[in-house]
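In the working numbering, the protein residues as written are 251 to 569.
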Ligand code: MTE
C-alpha cells in the first residue's frame with residue numbers, strides 16, 4: 251500500500267471540490283451519504299491493481315457488446331487518449347454519489363435496458379422510442395473528443411454516437427422551438443442521492459436549438475468501441491465538447507423542444523457559478539477557482555485551457 255504513488259492528478263485540492271459540496275455543508279453531506287470511507291479507500295487504501303481488476307470485470311459485459319461505428323477522422327485530437335479504466339473510475343453522476351472514484355461501484359444495480367426516450371414539445375412528430383431501436387435507425391460514428399469538466403479535470407475519449415441533429419430532423423422542430431430541454435431518469439430506489447429533497451431532481455440540461463443542431467453535438471450510446479457502461483450515463487447521454495462537462499447530461503429519458511429557456515440542475519442550485527451557456531473559457535474564472543489550466547485524469551499532465559475547449563472553429567459563430 252505504501253508503494254502506491256498517487257498521481258498528482260488524483261489529488262483533489264480544495265479548489266477542485268465538487269460544486270455540490272459548497273451548496274451543502276460538505277462534512278454533513280458526506281456523512282449523509284456515508285461515503286467517507288469508500289472514497290478514501292479507493293484513492294488511498296486499496297491496491298490500484300485490485301481495483302483495476304474489479305473495474306475490468308465490471309466493464310466486461312459492456313465490452314462484449316461492440317457497436318458497429320465508423321471512425322470519423324475529422325474528429326481526432328493530438329493528445330493521448332485517456333485509458334478506459336481511468337475514465338470509468340473517475341465520474342460525476344450525482345444521482346448515485348458525489349464521490350467520483352466510487353460511482354462505478356454504486357451504479358451496479360442501475361438497469362439501463364430496456365429504456366425508452368421520449369421526444370416531445372414543439373415538434374411535428376413527437377415520438378417515444380426504445381433506445382436500441384433508435385440506435386438501429388441512427389448513423390453511428392466514433393469521434394475522439396476532448397472533454398473538460400468545470401472542476402478543471404479533462405480527458406480524451408472515443409465516444410460512439412450520432413449527431414443530435416439527425417434525431418431532431420426526424421421529429422421536425424416547429425418554427426417556434428428555440429431550446430432543447432433534456433431530462434435524466436428519476437428513480438430514488440436505484441439512485442439513492444435522488445432522495446435528497448434539497449436538490450432539484452431530476453437532473454435537467456438544456457441547449458439552444460442552434461447549439462443542438464451543431465454538428466459537434468452528439469447523442470452518445472457507446473465508448474471505447476462498445477455500449478456505454480452505466481457510470482458514463484448509459485444507455486444514452488449528451489456530449490457537447492465545447493462546454494463544461496455538466497452540460498453533457500447522462501441517462502436521458504426525455505428531450506423536449508420548447509420556446510422557453512429551460513431551468514437547469516446546476517444553474518438552479520448555484521446560478522452565479524454555473525451559467526446556462528457554460529462554454530469552456532480560460533479567461534473567465536469560476537468564482538472560486540481559475541479556469542486557465544486543466545489536468546488530464548490519470549496523469550501528471552497539465553495544459554492551458556483552450557477557448558471553447560479547442561472547438562472554436564465549429565462553434566464560435568453561435569455566440
Ligand atoms: N448527468 C447526470 N444526470 N448527472 C450528473 O451528475 N454530471 C455531469 C455530466 N452529466 C452529471 C451528468 C458532470 S459534472 C460531468 S463532468 C460529466 O457528466 C461526467 O461524465 P463522465 O462521468 O462520463 O466522465
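Idealized CB from N, CA, C, for every residue including glycine. The structure presented is a predicted model; accordingly, all values stated were derived computationally and were not measured.
Legend entry - Distance, residue 387 Cα to residue 356 Cα: 32 Å
Inset, instruction - Taking 8 Å as the threshold, find out whether the segment 453–461 comes into contact with the segment 425–440 through three or more Cβ pairs. - result: yes
Inset, instruction - Could you give the DSSP three-state label for residue 557: helix, strand or coil? - result: helix
Inset, instruction - Put residue 322 into one of helix, strand or coil per three-state DSSP. - result: coil
Inset, instruction - Examine the Cβ distances between the segment 412–423 and the segment 371–387 and report whether three or more of them are shorter than 8 Å. - result: yes
Legend entry - Of the residues 465, 463, 437, 464, the one placed nearest residue 452, counting alpha carbons only: 437
Legend entry - Residues sharing a beta bridge with residue 529, DSSP: 493
Inset, instruction - Look up residue 440 in the DSSP assignment and say whether it is helix, strand or coil. - result: Coil at residue 440, not helix or strand.
Legend entry - For residue 312, the three-state DSSP class (helix, strand or coil): Helix.
Inset, instruction - Inspect the CB distances between the segment 433–450 and the segment 408–417 and report whether three or more fall short of 8 Å. - result: They do not touch, by the three-pair rule.
Inset, instruction - Look at the Cβ atom of residue 517, then the Cβ atom of residue 526, and state whether they are nearer than 8 Å. - result: yes
Inset, instruction - Determine the extent of the beta strand (DSSP E) in which residue 506 is found, giving its start and end residues. - result: 502–508
Legend entry - Spatial neighbours of residue 285 in its chain, beta-carbon cut-off 8 Å, leaving aside the 5 residues before and after: In this prediction, residue 285 has a pLDDT of 34, which is less than 50 and means its spatial position is unreliable; nothing more can be read from the coordinates.
Inset, instruction - For the beta strand (DSSP E) holding residue 403, just list the boundary residues, first then last. - result: 403–413
Legend entry - Residue span of the beta strand (DSSP E) that contains residue 499, given as start and end: No beta strand (DSSP E) contains residue 499, which DSSP labels as neither H nor E.
Inset, instruction - Would you tell me roughly how many angstroms separate the C-alpha atoms of residue 318 and residue 389, rounded to the nearest one? - result: 10 Å
Inset, instruction - Could you work out which residue in 475, 305, 354, 336 is closest to residue 320 when comparing CA atoms only? - result: 475
Inset, instruction - Could you please give the first and the last residue of the uninterrupted alpha helix (DSSP H) stretch that includes residue 365? - result: From DSSP, residue 365 is part of no alpha helix (DSSP H); its letter is neither H nor E.
Inset, instruction - Answer yes if the segment 543–551 comes into contact with the segment 324–335, meaning at least three C-beta pairs across the two stretches below 8 Å, and no otherwise. - result: Because the criterion of three Cβ pairs below 8 Å is met, the segment 324–335 and the segment 543–551 touch.
Legend entry - residue 467 versus residue 490: straight-line alpha-carbon distance, rounded: Cα to Cα, residue 467 sits roughly 5 Å from residue 490.
Legend entry - Bridge-paired residues (DSSP) for residue 423: 373
Legend entry - residue 523 in three-state terms, based on DSSP: coil
Legend entry - Bounding residues of the alpha helix (DSSP H) (the contiguous stretch that carries residue 547): No alpha helix (DSSP H) holds residue 547; DSSP gives it neither H nor E.
Legend entry - Opposing strand residues paired with residue 396 [DSSP bridges]: Looking at the DSSP assignment, residue 396 forms a beta bridge with 406.
Inset, instruction - Consider the C-beta atom of residue 525 and the heavy atoms of ligand 3; say whether any pair is separated by less than 7 Å. - result: No copy of ligand 3 occurs in the structure displayed; its ligands are ligand 1 alone.
Legend entry - Spatial neighbours of residue 393 in its chain, beta-carbon cut-off 6 Å, leaving aside the 5 residues before and after: 322, 325, 409
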